[in-house]
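Below: the structure, in structure tokens.
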Amino acid sequence: MAFYRQLGTVPPKRHTQHRAPGGELYHEELMGEEGFTSDSSLLYHRGVPSAIVDSRVWEFGDQATVPNHPLRPRHLRLHELFTDSAARADAVTGRRLLLGNGDVRLSYVVARRESPLYRNAVGDEVVFVEFGAATVETVFGALRARAGDYVLVPRATTHRWVPNGPDPLRAYVIEGCGHIAPPDRYLSPRGQLLESAPYCERDLHGPGDTLLVEAADVEVLVKHRTAAGTVVGTAMVCATHPFDVVGWDGCLYPYTFNVADFEPITGRVHQPPPVHQVFAGNGFVVCNFVPRKVDYHPLSIPVPYYHSNVDSDEIMFYCGGDYEARKGAGIGRGSVSVHPGGHTHGPQPGAYENSIGIEYFDELAVMVDTFRPLELGEGGLACEDPEYAWSWAGRRGPAGGGGSGA
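The working numbering applies: residue 7 is where the sequence shown begins, and numbers increase by one.
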């Protein structure tokens with residue numbers, strides 16, 4: 007995070023004594039990035055934060071992936087994934103893997119139940135709340151998450167998801183292998199969001215009061231990696247509750263950012279996708295396409311030109327409005343389009359000319375562009391529309407009835 011926050015009680019000087027009213031010494035924990043050389047926060051615990059009493063294997067869902075081979079664009083219908091299990095799933099263990107590579111993994115979940123305590127030691131997570139609401143309880147305090155919120159949870163932050171209200175929580179999960187932050191070009195040399203950025207610090211909402219939970223022998227599910235890069239899980243049992251924090255301060259903490267607070271950058275002619283960027287991670291970027299006025303040159307063509315991102319796979323999650331460019335392709339709310347590097351993609355035939363004269367797009371989508379190829383996970387394979395690849399040609403199925411591949 008770019009700016010400093012303080013919650014609860016902290017001593018006047020860091021790394022000095024901080025005692026309870028009864029005289030007991032609180033235990034200071036430094037949570038920092040990049041080996042003491044980047045953002046950090048100091049948390050003050052009642053118990054010893056490193057004390058564990060058990061550690062065992064946590065077997066989570068199917069994380070295997072298969073290559074997108076033969077190469078083709080894909081359409082995933084996420085709303086078909088949880089038709090009979092929404093009442094049983096939680097927002098951590100219920101995730102189904104859509105796509106992944108060594109830099110990022112994309113999942114989808116529908117949840118009604120409170121999740122276990124969870125810590126992702128592989129990388130930061132950005133969770134986009136499509137529908138519903140939740141309280142995200144963290145070691146830093148509680149966040150209120152609503153539809154349209156990005157919830158950014160820093161690496162190794164212990165937290166849990168508690169859905170609120172009558173409707174299930176539907177969430178699109180972006181798990182990095184490192185840190186996720188605003189793009190560098192939005193930031194001053196000292197980390198302030200610039201006047202030219204499409205959002206500012208006022209749009210970022212951190213935790214409320216610390217939770218001060220008391221308990222013993224508390225299980226925390228930890229996702230981590232082996233030396234070979236395999237993602238594995240461990241269930242650690244902590245001697246005291248991780249939420250026993252009386253106060254903290256620093257520049258590293260979870261926060262929410264609502265997509266409605268993103269101010270779109272527009273121009274006389276079609277603007278390239280980087281103007282829609284909201285976050286950057288190792289090997290990928292996150293963009294959002296929000297309702298906006300579109301190109302106002304008298305000869306402009308508002309929908310995107312056909313394009314081939316030779317360095318990227320482009321993954322678009324359609325979560326609101328009416329996406330002009332792909333009308334007639336089967337794309338709708340809850341769709342994910344997978345447009346891989348090596349394939350030229352763009353608007354549906356007819357949309358290019360039909361967009362001329364349109365002044366406003368009412369659409370909402372979250373895009374992830376990766377710089378290494380993505381493979382298909384179990385969830386992605388389970389909800390694929392097999393006809394999508396041929397939609398630009400107006401066919402149902404490949405010419406000659408060729409094999410379907412992965």
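Just so you know, even glycine gets a beta-carbon here, dropped at the ideal spot from N, CA and C.
I'd like to know whether the C-beta atoms of residue 275 and residue 250 end up nearer to each other than 7 Å.
Along the sequence shown, read from residue 1 onward, the residue named residue 275 stands at position 269. Along the sequence shown, read from residue 1 onward, the residue named residue 250 stands at position 244. No, Cβ-Cβ distance for residue 275 and residue 250 is not below 7 Å.
For residue 184 and residue 41, I'd like the C-alpha separation in whole angstroms.
The residue labelled residue 184 in the question sits at position 178 within the sequence shown. The residue labelled residue 41 in the question sits at position 35 within the sequence shown. In a straight line, the C-alpha of residue 184 is about 13 Å away from that of residue 41.
Using 7 Å as the threshold, is the C-beta distance between residue 261 and residue 211 below it?
To locate residue 261, count along the sequence shown from 1; it is residue 255. To locate residue 211, count along the sequence shown from 1; it is residue 205. Contact flag set, yes.
Would you call residue 149 buried or exposed, if buried means 16 or more other Cβ atoms sit within 10 Å of its Cβ?
For the purposes of this step, residue 149 is taken as the residue at position 143 of the sequence shown. Classification for residue 149: buried.
Would you check if the stretch 193-209 and the stretch 113-124 touch, i.e. whether three or more CB-CB distances between them fall below 8 Å?
Output reads no: the stretch 193-209 does not touch the stretch 113-124.
Return helix, strand or coil for residue 349, following the three-state DSSP convention.
Position 343 of the sequence shown holds residue 349. Three-state result, residue 349: coil.
Between residue 286 and residue 186, what straight-line distance do the alpha-carbon atoms span, to the nearest angstrom?
For the purposes of this step, residue 286 is taken as residue 280 along the sequence shown, with counting starting at 1. For the purposes of this step, residue 186 is taken as residue 180 along the sequence shown, with counting starting at 1. In a straight line, the C-alpha of residue 286 is about 6 Å away from that of residue 186.
Report all residues from its chain with a CB closer than 7 Å to the CB of residue 333; omit the five preceding and five following residues, and keep chain order.
Against the sequence shown, residue 333 aligns to sequence position 327. Same-chain partners within the cutoff: 354, 357.
How is the alpha helix (DSSP H) around residue 388 delimited, first residue to last?
Reading the sequence shown from its first residue, position 382 is the one you call residue 388. Element bounds for residue 388: 384-388.
Should the stretch 170-182 be called in touch with the stretch 24-35, which here means at least 3 C-beta pairs below 8 Å?
Segments in contact, no.
Give the straight-line distance between the Cα atoms of residue 293 and residue 188, rounded to the nearest whole angstrom.
In the sequence shown, the residue the question calls residue 293 occupies position 287. In the sequence shown, the residue the question calls residue 188 occupies position 182. About 11 Å.
Rounding to the nearest angstrom, what Cα-Cα distance links residue 308 and residue 364 in this structure?
Position 302 of the sequence shown, counting from 1, holds the residue named residue 308. Position 358 of the sequence shown, counting from 1, holds the residue named residue 364. Looking at the two C-alpha atoms, the distance is approximately 7 Å.
Taking just the CA atoms, how far does residue 153 sit from residue 135?
Residue 135 sits at position 129 when you count from the first residue of the sequence shown. Residue 153 sits at position 147 when you count from the first residue of the sequence shown. Distance between the alpha carbons of residue 135 and residue 153 is about 5 Å.
Suppose the cutoff is 6 Å on Cβ atoms and the five residues either side in sequence are ignored; what does the same chain contact list for residue 403 look like?
Counting from one through the sequence shown, the residue named residue 403 turns up at place 397. Here the set comprises nothing.
Does the beta-carbon distance from residue 390 to residue 71 come in below 7 Å?
Along the sequence shown, one-based indexing puts residue 390 at 384. Along the sequence shown, one-based indexing puts residue 71 at 65. Their beta carbons are not under 7 Å apart, which means residue 390 does not touch residue 71 by this criterion.
Does DSSP classify residue 410 as helix, strand or coil?
What you label residue 410 is simply residue 404 of the sequence shown in a count that begins at 1. Here the model assigns residue 410 a pLDDT of 49, short of 50, so the residue's position is not dependable and the matter cannot be decided.
Around the C-beta of residue 12, are 16 or more other C-beta atoms found within 10 angstroms, so that it is buried, or is it exposed?
Within the sequence shown, the letter at position 6 stands for residue 12. The residue is exposed, with fewer than 16 neighbouring Cβ atoms inside 10 Å.
For the beta strand (DSSP E) that residue 162 lies in, which residues bound it at each end?
Residue numbering aside, residue 162 sits at position 156 when the sequence shown is read from its first letter. Counting along the chain, residue 162 falls outside any beta strand (DSSP E), and DSSP gives it neither H nor E.
Between which two residues does the alpha helix (DSSP H) holding residue 117 run?
Your numbering for residue 117 matches position 111 in the sequence shown. Note, residue 117: premise wrong, no alpha helix (DSSP H); beta strand (DSSP E) at 110-117.
Need the endpoints of the alpha helix (DSSP H) that residue 50 sits in, please.
Counting from one through the sequence shown, the residue named residue 50 turns up at place 44. No alpha helix (DSSP H) contains residue 50, which is instead part of the beta strand (DSSP E) from 46-51.
With a CB to CB cut of under 7 Å and the five nearest residues on each side skipped, what residues in its chain are close to residue 323?
Taking the first residue of the sequence shown as 1, we reach residue 323 at position 317. Contacts found: 178, 342, 371, 372.
Residue 311: which of 36, 105, 263, 350 sits nearest, CA to CA?
Here residue 311 corresponds to residue number 305 of the sequence shown, with the count starting at 1. When each option's Cα is compared against that of residue 311, the closest is 350.
Who are the near neighbours of residue 410 in its chain, counting only those whose CB is closer than 6 Å to its CB and skipping five residues on each side?
Locating residue 410 in the sequence shown gives position 404, where the first residue counts as 1. With a pLDDT of 49 at residue 410, under the threshold of 50, the predicted position of this residue should be treated as unreliable, and no value is reported.
Thinking just about the alpha-carbon of each residue, which of 254, 339, 369 is nearest to the one in residue 10?
Position 4 of the sequence shown holds residue 10. Ranking the options by Cα distance to residue 10, first place goes to 254.
What residue does the alpha helix (DSSP H) around residue 357 start on, and which one ends it?
The residue you call residue 357 lines up with position 351 of the sequence shown. 357-360 is the span of the alpha helix (DSSP H), which, as asked, contains residue 357.
Looking at residue 259: is its Cβ nearer than 7 Å to the Cβ of residue 88?
For the purposes of this step, residue 259 is taken as the residue at position 253 of the sequence shown. For the purposes of this step, residue 88 is taken as the residue at position 82 of the sequence shown. Not closer than 7 Å, so no.
Under 7 Å between the Cβ atoms of residue 252 and residue 15?
Residue mapping note: residue 252 aligns to position 246 of the sequence shown, counting from 1. Residue mapping note: residue 15 aligns to position 9 of the sequence shown, counting from 1. For residue 252 and residue 15, yes; Cβs fall inside 7 Å.
Taking residue 15 as part of the beta strand (DSSP E), name the residues at either end of that continuous run.
Position 9 of the sequence shown, counted from the first residue, corresponds to residue 15. Residue 15 -> no beta strand (DSSP E), and no H or E assigned at all.
Report the three-state DSSP secondary structure of residue 34 (helix, strand or coil).
Residue 34 sits at position 28 when you count from the first residue of the sequence shown. In the structure shown, residue 34 sits in a strand (DSSP, three-state: E or B).
If I'm right that residue 104 touches residue 383 with Cβ under 8 Å, what's the distance once you round it to whole angstroms?
Start at 1 with the first residue of the sequence shown, and residue 104 comes out as number 98. Start at 1 with the first residue of the sequence shown, and residue 383 comes out as number 377. Yes, residue 104 and residue 383 are in contact; Cβ-Cβ is about 5 Å, under 8 Å.
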